[in-house]
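S.K.: Counting from 1 along the sequence shown, just add 280 to a position and that's the residue number in our numbering.
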Amino acid sequence: MLNLQHIHYAYTQTDSLNDISLTIQVGEAVAFMGPNGSGKSTLFKLINGLIQPSAGQYYFKDQLVDARFLKKPAQATVLHRAIGFVFQNSDVQLFNETVRAELAFGPEQMGLDPDEVQTRVDDCLALLQIEHLADRVPYQLSGGEKKLVALGSVLTMNPEIIVLDEPFNGLSAAYQTLIIHLLQQLNQAGKGLLIASHNLAQVKQVAKRVVVFNEDHQVTHDLPLAKLEQEPELQRTLALL
Ligand SMILES: Nc1ncnc2c1ncn2[C@@H]1O[C@H](COP(=O)(O)OP(=O)(O)OP(=O)(O)O)[C@@H](O)[C@H]1O
281 MLNLQHIHYA
291 YTQTDSLNDI
301 SLTIQVGEAV
311 AFMGPNGSGK
321 STLFKLINGL
331 IQPSAGQYYF
341 KDQLVDARFL
351 KKPAQATVLH
361 RAIGFVFQNS
371 DVQLFNETVR
381 AELAFGPEQM
391 GLDPDEVQTR
401 VDDCLALLQI
411 EHLADRVPYQ
421 LSGGEKKLVA
431 LGSVLTMNPE
441 IIVLDEPFNG
451 LSAAYQTLII
461 HLLQQLNQAG
471 KGLLIASHNL
481 AQVKQVAKRV
491 VVFNEDHQVT
501 HDLPLAKLEQ
511 EPELQRTLAL
521 L
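1) Mark G317 as exposed unless 16 or more other C-beta atoms lie within 10 angstroms of its C-beta, in which case mark it buried.
2) Decide yes or no for the touch test of the stretch 307–317 against the stretch 343–359: beta carbon pairs closer than 8 Å, at least 3 of them.
3) Please report how far the alpha carbon of E511 lies from the alpha carbon of V397, in whole angstroms.
4) Taking C-alpha atoms, which residue in T436, A335 and A476 lies nearest to G386?
5) Using a strict less-than 5 Å threshold between each residue's beta carbon and the heavy atoms of ligand 1, what residues do you get?
6) For the beta strand (DSSP E) holding G424, just list the boundary residues, first then last.
7) Between the Cα of T517 and the Cα atoms of L480, Q485 and D496, which residue gives the shortest distance?
8) With D403 as the anchor, note down where its alpha helix (DSSP H) starts and where it stops.
9) Once DSSP output is grouped into helix, strand and coil, what is the label at G391?
10) Hey, out of K507, K484, Q515 and L466, whose CA is closest to V306's CA?
11) According to DSSP, is N283 part of a helix, a strand, or is it coil?
12) According to DSSP, simplified to helix, strand and coil, what is Q482?
13) In terms of residues, what are the limits of the beta strand (DSSP E) holding F367?
14) Rounding to the nearest angstrom, what Cα-Cα distance links L462 and P447 in this structure?
15) Ignoring anything shorter than 4 residues, give me the alpha helix (DSSP H) runs that lie fully in the stretch 301–370, in order along the chain.
16) Taking the alpha carbon of G423 as the point to measure from, which residue in E377, S370 and M390 has its own alpha carbon closest?
17) Would you list, in sequence order, the uninterrupted beta strand (DSSP E) runs of no fewer than 3 residues that lie entirely inside the stretch 482–519?
18) Here's the rule I'm using: 16 or more other beta-carbon atoms within 10 Å means buried, otherwise exposed. How should T322 be labelled?
19) Could you compute how far the alpha carbon of L284 sits from the alpha carbon of I300?
20) For H286, which residues in the same chain have their Cβ closer than 6 Å to its Cβ, ignoring the five residues on either side in sequence?
21) If you follow the alpha helix (DSSP H) that A454 is in, where does it begin and where does it stop?
22) L428 to T399, Cα distance in whole Å?
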């Protein structure tokens, strides 16, 4: 479904993604681990079409995603609807006046009828146990509450792949458990998950494949979780990230 070939990306002079090649199949749950600044968020921005590679090719469903593809709004919309992105910093994601409006925004933009929008919003509020926040101003919520609303605003769009950058940061233990269960259910229902996390224990509960970056912004390991379980040395390294 996603195919990256020899991708480089540089914000300035030096590469933040250094020759990344990856293929991600429909419905895969993949965790991305690595030191701070190794390139995980940059990769996610690229996958979501927010930045384009300096070199290399990115294909989404066999379609080359480049500046020309993204310049056409109808094409960019196909990508943005298929891939939902929960940002590391929820503040950049939340801009509506109420939580309910925030969750309704995506499906409204998709042109769904008001009853369907309402149903999706109510379902997601219940799923995330945030009904009590429905009429609050997103900007005034706590960090953890904002994260849940950001996730809700993506879930109401029902994307094929959900990209989550540090989804557990700032959440209470109870909410971390709730999100882990929710992600497990979404994956069982066929949704692809791409998750950046520094928490190996949580990664093991959600992902079935782990991709590891190093400080030189390269992928050093790409292995199924079952294989990782047989590599105690690598697990020790990942547990310290
Ligand atoms: N807007 C930017 N301008 C310049 N450099 C940037 C920008 N965003 C990120 N970088 C640099 O790109 C590299 C990769 O950053 P990125 O945010 O992708 O890392 P990360 O693996 O997600 O890190 P973390 O685990 O801390 O979230 C880092 O060296 C970072 O300093």
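All C-beta atoms in this analysis are idealised placements derived from N, C-alpha and C, irrespective of residue type, glycine included.
As the structure is a prediction and not an experimental result, all values here were calculated from the model.
M.R.: Working from what's here:
1) Its Cβ having fewer than 16 others within 10 Å, G317 is exposed.
2) The stretch 307–317, when compared against the stretch 343–359, does not touch it at the 8 Å Cβ threshold.
3) Taking the straight line joining both Cα atoms gives about 46 Å.
4) The shortest Cα separation from G386 among T436, A335 and A476 belongs to T436.
5) Result (chain order): Y291, S296, N316, G317, S318, G319, K320, S321 and T322.
6) Element bounds for G424: not the beta strand (DSSP E) but the alpha helix (DSSP H), G423 to L435.
7) For T517, the closest alpha carbon among the candidates L480, Q485 and D496 is that of L480.
8) Unbroken alpha helix (DSSP H) run through D403: P394 to L407.
9) When DSSP states are grouped into helix, strand and coil, G391 belongs to the coil group.
10) Here the closest residue by C-alpha is L466.
11) Correct three-state label for N283: strand.
12) Helix at Q482.
13) No beta strand (DSSP E) contains F367, which DSSP labels as neither H nor E.
14) Annotation: L462 to P447 spans about 12 Å, alpha carbon to alpha carbon.
15) Within the stretch 301–370, the complete alpha helix (DSSP H) runs of at least 4 residues are 320–327, 347–351 and 353–362.
16) When each option's Cα is compared against that of G423, the closest is S370.
17) Whole beta strand (DSSP E) segments, 3+ residues: 489–493 and 499–504.
18) Buried is the label assigned to T322, since at least 16 other Cβ atoms lie within 10 Å of its Cβ.
19) So the two alpha carbons sit approximately 7 Å from each other.
20) Taken in chain order, the residues that qualify are D299, S301 and G336.
21) Element bounds for A454: A453 to Q468.
22) Here the alpha carbons of T399 and L428 stand approximately 18 Å from one another.
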